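Note sheet for the following structure.
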Amino acid sequence: MNKIALEIPLYIRVNEKDNVAIIVNNNGLPSGTTFPDGLRLIEHIPQGHKVALNNIAEGGNIIRYGEIIGHALRDIPQGSWIEASLVALPEAPPLEHLPLATNIPASLPKLSGYTFEGFRNPDGSVGTRNLLGITTSVHCVAGVVDHIVNIIERDLLPQYPNVDGVVALNHLYGCGVAINAPAAVVPIRTLHNLALNANFGGEVMIISLGCEKLQPEKLLAGTDDVQAIPLDEGDIIRLQDEQHVGFEAMVKAILQVADRHLQRLNQRQRETCPASELLVGMQCGGSDAFSGVTANPAVGYASDLLVRCGATVLFSEVTEVRDAVHLLTPRVINESVGKRLLEEMAWYDDYLNQGQTDRSANPSPGNKKGGLANVVEKALGSIAKSGRSPIVEVLSPGQRPTQRGLIFAATPASDFVCGTQQMASGITLQVFTTGRGTPYGLAAIPVIKMATRTALAERWHDLIDINAGTIATGEETIEQVGWRLFELVLEIASGRKQTWSDRWGIRNALAVFNPAPVT
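Counting from 1, one number per residue, gives the positions in the sequence shown under full-length UniProt numbering.
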């Protein structure tokens, strides 16, 4: 934080309607602190937490972002700390009768001339990496595949300098599940589409046990919303086949298939591609009260820049959109897209009801420590990642886009589940904002991590790729940080720069969303 921000007490009020603001200064501010406008604190308030700008009566509305984020559970005097325990969760916006496509944003001016160095695939898609992906049909084979990956990295990859690495697409699905249950379409579609991610160059191979419910043929089959994956029989290795006598025979067979794919991948070279070929995911995790005023708005600005280039941008996290959905439905490109958005919200409402839980299960303890009172406040900050572009499509979990532009991809809010599902939807790079900090990374997708606060960016100097905390202290504008992020996306996508998580080799396991029963 700059010297001025250290000396002068600062707060951020987002909207003129707001009766609360958040404290900017590191370590918060003590009781008795007086702001330049005359507001005086009557108790210590931690950084990022809310101060009452005027007296709020018991039952009165608590307003941030110009929206009601809750109701006061007791009288809250001006200058006091509005802890989460003082805020009653309001009702979620009813899904019936929300306005659809009533305020479609005007198209922003097109941007041309921006490019990146990517790997163009036979199907026309473009990857940001050149990886061998090894698909698995069941978790039973995960240990074997991990063993194989170690051998490939040690013995084979040095022979193929143009291949960036090998990724095991391990997961917990495939057997002991109700494979034909209606909701099973989600994990099966997810695994199917993970194999098609552009960073794998169209080179698909599958390791199967042989007796699992999710047989390779079912995993590869086409449906109404996924294309079939045609494979030679030699690209499917079943460990239970009688030809494999002993573990070393299994290893040899897998390595032979992998070597064939590596030879083809090694022929690929980066080439100059227009920025319109990018498919970028936007996500937040370990969020705090600064997320919605620094990092996420900067991400939203960068999202608009990418869309203006003709690229595709996904934003997600149903529970962190649900309470702000009334602000999104007017922005959809047409009523059909609006109805799809409401369908995904309703589906998730029902999913939570079946689990006998509700929206109050979000946020996390860390989110609250960072100043977020409830999921309403969190959602209002989360949707800032979507920028100002119209929403052109809505995807069910694991579906792939059919349009270019800004897209809502329905996923759970969990960091690793959302990341897995966005990867299945085709992202080749992800931007991840955090206020509390997380070392999260993906093996197949570069993850750019943006800090909401300068204090975090400085403390985690070798984990955070870009700092948006400068917005809070007035050192930079949202637009300036947005442009810096946009330029970093092009550099990372081109392989000219590396994210910190990639430098350290930080990899989270895939977490496939499975709402279907486990039998």
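Note that CB positions come from ideal geometry on N, CA and C, so glycine has one too.
No experiment lies behind these values; they were computed from the predicted model shown.
Which value, in whole angstroms, describes the spacing of the CA atoms of I4 and E83? Bear in mind that the predicted position of I4 carries a pLDDT of just 45, short of 50, making it unreliable; the figure below should be weighed with that in mind. When only Cα atoms are considered, I4 and E83 end up about 27 angstroms apart.
Pick helix, strand or coil for K3, following the three-state DSSP scheme. Per-residue confidence for K3 stands at a pLDDT of 46, beneath the threshold of 50, marking its modelled position as unreliable; the derived number appears in the next sentence. In the structure shown, K3 sits in a helix (DSSP, three-state: H, G or I).
Whole-Å CB distance - P439 paired with I506, under 8 angstroms assumed: Correct: roughly 5 angstroms between the Cβ atoms.
According to DSSP, is I448 part of a helix, a strand, or is it coil? If DSSP states are grouped into helix, strand and coil, I448 belongs with the strands.
Give me whichever residues DSSP pairs with M282 in a beta bridge. F315, V431
Would you give the residue range spanned by the beta strand (DSSP E) that A72 belongs to? 67-72
Using a Cβ-Cβ cut-off of 8 angstroms (strictly less than) and excluding sequence neighbours within five positions of K497, which residues of its own chain qualify? L488, E491
To the nearest angstrom, how far is the alpha carbon of D464 from that of G66? The sequence given here places Ile at residue 464; Asp does not occur at that position. Distance between the alpha carbons of I464 and G66 is about 30 angstroms.
Can you look up C273 in the DSSP assignment and give me helix, strand or coil? strand
What number of angstroms, rounded off, separates the C-alpha of G370 from the C-alpha of A92? 23 angstroms
8 angstroms contact criterion, which G201 and N130 should meet: CB distance rounded: Yes, they are in contact, since the Cβ atoms of G201 and N130 sit about 6 angstroms apart, within 8 angstroms.
Entirely enclosed beta strand (DSSP E) segments - the segment 372-434, minimum 3 residues: Within the segment 372-434, the runs of beta strand (DSSP E) at least 3 residues long that lie entirely inside it are, in chain order, 391-395, 406-409, 429-434.
Taking 7 angstroms as the threshold (C-beta atoms), are V126 and G118 in contact? yes
Closest Cα partner of E320 within the set L169, A493, D415, N19: D415
Let me make sure I understand the geometry here. Which of N26, C211, A311, V417 has the alpha-carbon closest to that of E458? N26
Does G292 pass the burial test, meaning 16 or more other C-beta atoms within 10 Å, or should it be called exposed? With 16 or more Cβ atoms within 10 Å of its Cβ, G292 is classed as buried.
8 angstroms contact criterion, which D235 and M205 should meet: CB distance rounded: Contact between D235 and M205 holds: their C-beta atoms lie close to 5 angstroms from each other, under 8 angstroms.
Would you mind sorting W81 into buried or exposed? The rule is 16 or more other CB atoms within 10 Å of its CB. buried
Indicate whether M450 and A295 have their beta-carbon atoms separated by less than 7 angstroms. yes
Three or more beta-carbon pairs under 8 angstroms between the segment 180-198 and the segment 384-404, yes or no? Enough Cβ pairs lie closer than 8 angstroms, so yes.
Which residue from V332, A298, E393, G338 puts its Cα closest to that of T434? A298
Considering only the beta carbon of each residue, do L73 and L53 sit closer than 7 angstroms? no
Member of E7, D75, G79 whose CA lies at the smallest distance from the CA of H44: G79
In the DSSP output, which residue or residues are listed as bridge partners for D11? For the sequence presented, residue 11 should be read as Tyr rather than Asp. Paired residues: I23.
Tell me, please, which residues DSSP counts as bridged to R238. S208
Hey, could you find the ends of the alpha helix (DSSP H) N150 is sitting in? 142-151
Would I391 and G281 be called neighbours here (beta carbons separated by less than 7 angstroms)? 7 angstroms or more divides the Cβ of I391 from the Cβ of G281.
Close Cβ partners of G70 (< 7 angstroms) along its chain, the five nearest in sequence each way excluded: I62, V87, A88, L89, P90, A373, N374, V376
Return the chain-ordered list of same chain residues with a C-beta closer than 6 angstroms to the C-beta of M1, the five sequence neighbours on each side being excluded. Its pLDDT being 43, under 50, M1 is placed unreliably in this model, and the coordinates cannot settle the point.
Does the segment 324-333 touch the segment 133-142, meaning 3 or more C-beta pairs lie closer than 8 angstroms? no
By alpha-carbon positions, which one of K339, P36, L10, R436 ends up nearest to P365? When only C-alpha atoms are compared, the closest one is R436.
Which of helix, strand or coil DSSP assigns to L510: If DSSP states are grouped into helix, strand and coil, L510 belongs with coil.
K385 versus A346 - alpha carbon distance: 22 angstroms
For N367, collect the residues of the same chain with a Cβ closer than 6 angstroms to its Cβ; drop the 5 residues on either side in sequence, then sort them by chain order. S287
At what residues does the alpha helix (DSSP H) containing G338 begin and finish? 335-354
Alpha carbon to alpha carbon, what distance is there between L306 and I466? Rounded to the nearest angstrom, the gap between the Cα atoms of I466 and L306 is 18 angstroms.
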